[in-house]
Amino acid sequence: ARSFADIGDIIRGRDLYSGNKVKKKKLDDSLKTIFGKIYEGLTGGVKERYTNDGGDFFQLREDWWTANRETVWKAMTCSEHLKNSAYFRVTCSDKQGESIANHKCRCPMTSDGKPNDQVPTYFDYVPQYLRWFEEWAED
C-alpha cells in the first residue's frame with residue numbers, strides 16, 4: 001500500500017522504489033503525458049516558469065503537488081468508509097495531551113480552538129529514504 005507521502009513522491013517524480021521497472025516506466029510516461037497536457041493548458045506568463053523542465057515537468061509537478069496536496073489528502077481520508085480511521089502517528093495535542101488524529105484523520109481543533117481541516121503531516125516533504133528508516137526502525 002502506498003502512503004500519502006509516497007503518492008506525493010510519485011507525482012513529483014521522486015519515488016525511489018524501483019519494483020517493477022515496466023510498470024514504473026508506464027506510470028512515469030503517463031505522468032509526463034498528464035503534466036504535458038496541464039502545461040499546454042497554461043496561459044499567460046505562467047508557462048514560462050516551466051520552459052526548462054526538459055519534458056519531465058518536474059517543477060510543474062512540484063507546484064501541482066504543493067497546490068493540491070490538501071485535496072489529495074481529503075480524497076484519501078474524507079470518506080464515509082474511513083470516517084473513524086486513525087492516522088498512524090500521534091499528531092494532535094490539546095489540554096488533555098497528545099492523541100491520534102481520528103476525526104477523518106485530522107485533529108479536531110487547531111491550537112487556537114478553530115475547526116481543523118489541514119493535512120496533519122508534512123511527511124510528504126521528508127525524503128523517502130528517511131521515511132523508510134523510520135518505518136524500518138518501528139518493525
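For the sequence shown, counting from 1, position 102 maps to 102 in full-length UniProt numbering; every step adds exactly one. C-beta: ideal position from N, C-alpha, C; glycine also.
Short Cβ contact (8 Å threshold) for residue i with residue j
i   : j    : result
W62 : R131 : The sequence shown places Glu at residue 62, rather than the Trp named in the question. No. Outside cutoff.
L60 : Q128 : no
Supposed close pair residue i, residue j - CB separation, criterion 8 Å
i   : j   : result
L57 : K32 : Residue identity differs from the one stated: residue 57 is Phe in this sequence, not Leu. Right, the Cβ-Cβ distance comes to about 7 Å (below 8 Å), so this counts as a contact.
W65 : G8  : 5 Å
Pairing CB atoms from the region 38-52 with CB atoms from the region 68-75, are three or more of them under 8 Å? no
Going residue by residue through the region 9-77, where are the continuous alpha helix (DSSP H) segments of at least 4 residues, counting only ones entirely within it? Assignment of alpha helix (DSSP H) within the region 9-77, counting only whole runs of 4 or more residues, yields 21-41, 58-77 in chain order.
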